[in-house]
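**Q** In this note's numbering, the protein residues as written are 2 to 371.
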Amino acid sequence: MVLTSTDELEAGTDSGYDRISELKAFDDSKAGVQGLVENGVTKVPRMFYCEHSNLSDGSTSELNSNFSIPTIDLTGIHNDPILRDGVVGKLRYACEKWGFFQVINHGISSDVLDEMIKGTGRFHQQDAMVRKDYYTRDPTRKVVYVSNYSLYHDPAANWRDTLGCVMAPHPPEAEELPVVCRDVVVEYSQKVKAFASILFELLSEALGLNRFHLEDMGCAEGFLLLCHYYPSCPEPELTMGNSKHTDNDFITILLQDQIGGLQLLHDNQWVDVTPIHGALVVNIGDLLQLLSNDKFVSVQHRVLTNHIGPRISVASLFRTDGDESLVYGPIKELLSEENPPLYRDVSLKEYLTYYYAKGIGTSALSHFKL
Ligand code: OGA
Ligand code: NI
Numbered sequence: 002m003v004l005t006s007t008d009e010l011e012a013g014t015d016s017g018y019d020r021i022s023e024l025k026a027f028d029d030s031k032a033g034v035q036g037l038v039e040n041g042v043t044k045v046p047r048m049f050y051c052e053h054s055n056l057s058d059g060s061t062s063e064l065n066s067n068f069s070i071p072t073i074d075l076t077g078i079h080n081d082p083i084l085r086d087g088v089v090g091k092l093r094y095a096c097e098k099w100g101f102f103q104v105i106n107h108g109i110s111s112d113v114l115d116e117m118i119k120g121t122g123r124f125h126q127q128d129a130m131v132r133k134d135y136y137t138r139d140p141t142r143k144v145v146y147v148s149n150y151s152l153y154h155d156p157a158a159n160w161r162d163t164l165g166c167v168m169a170p171h172p173p174e175a176e177e178l179p180v181v182c183r184d185v186v187v188e189y190s191q192k193v194k195a196f197a198s199i200l201f202e203l204l205s206e207a208l209g210l211n212r213f214h215l216e217d218m219g220c221a222e223g224f225l226l227l228c229h230y231y232p233s234c235p236e237p238e239l240t241m242g243n244s245k246h247t248d249n250d251f252i253t254i255l256l257q258d259q260i261g262g263l264q265l266l267h268d269n270q271w272v273d274v275t276p277i278h279g280a281l282v283v284n285i286g287d288l289l290q291l292l293s294n295d296k297f298v299s300v301q302h303r304v305l306t307n308h309i310g311p312r313i314s315v316a317s318l319f320r321t322d323g324d325e326s327l328v329y330g331p332i333k334e335l336l337s338e339e340n341p342p343l344y345r346d347v348s349l350k351e352y353l354t355y356y357y358a359k360g361i362g363t364s365a366l367s368h369f370k371l
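And the structure:
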């Protein structure tokens, strides 16, 4: 797992406020934002304050409720070629115009989804002493409990804790997974990986490629499961659950509970991703935008905090297995004289190093433009 270490601390002292000490004390508590809430916090500590510009950031602050991302129903795609073609067309539109869509009838039962949300809740709500054993920024660990991966890099900490598990290509031993969510993490991961394969087939078809093209390139080989927990927040206007960012993978499959708060930037307006029970939210990551030579878009999104909570979500990030020799560039079959490559080849390692170094929020892709 790529995390940021404390030696990358930025100098950040101003007018008597020692940001680094505040970050360190928080990190050393190993209890996350939930630890603050358990201790009865009534004010958001300063390290979580986000710039006002981050909440408005040039886009019209009003939400446009007339907009919503496409919902795609996968019923019948395995045995009805006409239905499948229809789905591929809708998917192409969603990936080109929105970069986000919701999927229903994807083959994973609501019982498994609900249990995954509950398992995440059980982990983050168990005794702080038990959670602490998992708290680490060690990049070699496969099961990591941490609040804010890039805590020491980001201008503002987010009101969020995460249990991250590297589930592919080399999953942890079952015993390494926290007992309160072990069974469901194993079951959900296996099911979401199977769904990702179906999705990569459909996405390949939507790009006009052979059905197995994306999977054959290794797009589903690396799989990082992020079980997010956004505690209720006493002053939601001061901080973010997740600052605006794009995802640094091929695709992300997101399971969210019914609280809401996830928004994406569309036509310069923040649009809510309204929870649909039983659905999975899918978004295109930077690496698929690069492979598709900008045909598919990786769009900025964020999560607002709320007095109501906790909000729970589970993000499945698909990327390569981290093999440093693998480099990615626009897929050759998509290129022509009219559609010349927009990016140079880049390895996952080079991409992630730059993505974290420049600070989350703006696109890392432009750096690799030809
Ligand atoms: C992410 C993300 C959104 C959410 O993990 O990259 O954008 O709703 N998560 O938790
Ligand atoms: Ni994201």
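All C-beta atoms, glycine included, are put in the ideal place defined by N, C-alpha and C. Computed from a predicted structure; not experimentally measured.
For V180, is the classification buried or exposed, using 16 other Cβ atoms within 10 angstroms of its Cβ as the cut-off for buried?
**A** Position 179 of the sequence shown, counted from the first residue, corresponds to residue 180. Under this definition V180 is an exposed residue.
**Q** Say yes only if the C-beta of S148 is nearer than 8 Å to one or more non-hydrogen atoms of the ligand OGA, and no if none qualify.
**A** On the sequence shown, residue 148 is found 147 positions in, with the first residue counted as 1. S148 Cβ: outside cutoff for every heavy atom of the ligand OGA.
**Q** Using a 10 Å radius around the Cβ and a threshold of 16 neighbouring Cβ atoms, would you call T61 buried or exposed?
**A** Reading the sequence shown from its first residue, position 60 is the one you call residue 61. Low per-residue confidence applies at T61: pLDDT is 47, beneath 50, and the placement is therefore not dependable, though the value from the model is reported in the following sentence. It counts as exposed.
**Q** Tell me whether S111 is buried or exposed, calling it buried when 16 or more other Cβ atoms sit within 10 Å of its Cβ.
**A** For the purposes of this step, residue 111 is identified with residue 110 of the sequence shown, where counting begins at 1. Answer is exposed; the Cβ neighbour count stays below 16.
**Q** Compare the Cα-Cα distances from Y231 to each of L204, V283 and G122 and report the closest residue.
**A** To locate residue 231, count along the sequence shown from 1; it is residue 230. For Y231, the nearest C-alpha among the options comes from G122.
**Q** Within the present structure, is the beta-carbon of N243 separated from the nearest heavy atom of the ligand OGA by less than 8 Å?
**A** The sequence position of residue 243 within the sequence shown is 242, counting from 1. Yes, since a heavy atom of the ligand OGA falls inside the 8 Å radius drawn around the Cβ of N243.
**Q** Candidates L318, A129, E52 and D287: which alpha carbon is nearest K370's?
**A** As a first step, residue 370 must be located in the sequence shown, where it is residue number 369. Cα-wise, what sits closest to K370 is D287.
**Q** Quick check: the Cα distance between V315 and K333, rounded to an integer number of angstroms?
**A** Taking the sequence shown and counting its residues from 1, the one referred to as residue 315 is at position 314. Taking the sequence shown and counting its residues from 1, the one referred to as residue 333 is at position 332. Each residue's alpha carbon lies about 33 Å from the other.
**Q** Hey, would you say the C-beta of T121 is under 8 Å away from at least one heavy atom of the ligand OGA?
**A** Position 120 of the sequence shown, counted from the start, is the residue given in the question as residue 121. No, the Cβ of T121 stays beyond 8 Å of every heavy atom of the ligand OGA.
**Q** Within its chain, find whatever has a CB closer than 8 Å to the CB of Y18; leave out the 5 residues flanking it on each side and keep chain order.
**A** On the sequence shown, residue 18 is found 17 positions in, with the first residue counted as 1. Taken in chain order, the residues that qualify are R47.
**Q** Which first and last residues belong to the beta strand (DSSP E) in which M241 is found?
**A** Counted from its first residue, the sequence shown places residue 241 at position 240. Note, M241: beta strand (DSSP E), M241 to H246.
**Q** Of the residues N106, T72 and F196, which one's Cα is nearest the Cα of L92?
**A** What you label residue 92 is simply residue 91 of the sequence shown in a count that begins at 1. For L92, the nearest C-alpha among the options comes from T72.
**Q** By the 10 Å Cβ neighbour count, where 16 or more other Cβ atoms means buried, how is N149 classified, buried or exposed?
**A** The residue given as residue 149 occupies position 148 in the sequence shown. Classification of N149: buried, given that the 10 Å Cβ count is 16 or more.
**Q** According to DSSP, is D19 helix, strand or coil?
**A** By 1-based counting over the sequence shown, the position of residue 19 is 18. It is a strand residue.
**Q** Nearest-angstrom Cα distance between P82 and H214?
**A** Within the sequence shown, the letter at position 81 stands for residue 82. Within the sequence shown, the letter at position 213 stands for residue 214. Those two C-alpha atoms are separated by around 19 Å.
**Q** Check whether the stretch 326 to 343 and the stretch 257 to 269 are in contact - that is, three or more C-beta pairs closer than 8 Å.
**A** No: fewer than three Cβ pairs fall under 8 Å.
**Q** Does the beta carbon of Y231 fall short of 8 Å from some heavy atom of the ligand OGA?
**A** Along the sequence shown, read from residue 1 onward, the residue named residue 231 stands at position 230. Indeed, a heavy atom of the ligand OGA lies less than 8 Å from the Cβ.
**Q** CA-CA distance, Q127 and E39?
**A** Taking the first residue of the sequence shown as position 1, residue 127 is located at position 126. Taking the first residue of the sequence shown as position 1, residue 39 is located at position 38. Approximately 11 Å between the Cα atoms of the pair.
**Q** Under 9 Å, do L305 and D248 count as touching if we go by C-beta distance?
**A** The residue given as residue 305 occupies position 304 in the sequence shown. The residue given as residue 248 occupies position 247 in the sequence shown. In this structure, D248 does not lie closer than 9 Å to L305 by Cβ.
**Q** For P341, is the classification buried or exposed, using 16 other Cβ atoms within 10 angstroms of its Cβ as the cut-off for buried?
**A** The residue you call residue 341 lines up with position 340 of the sequence shown. Classification for P341: exposed.
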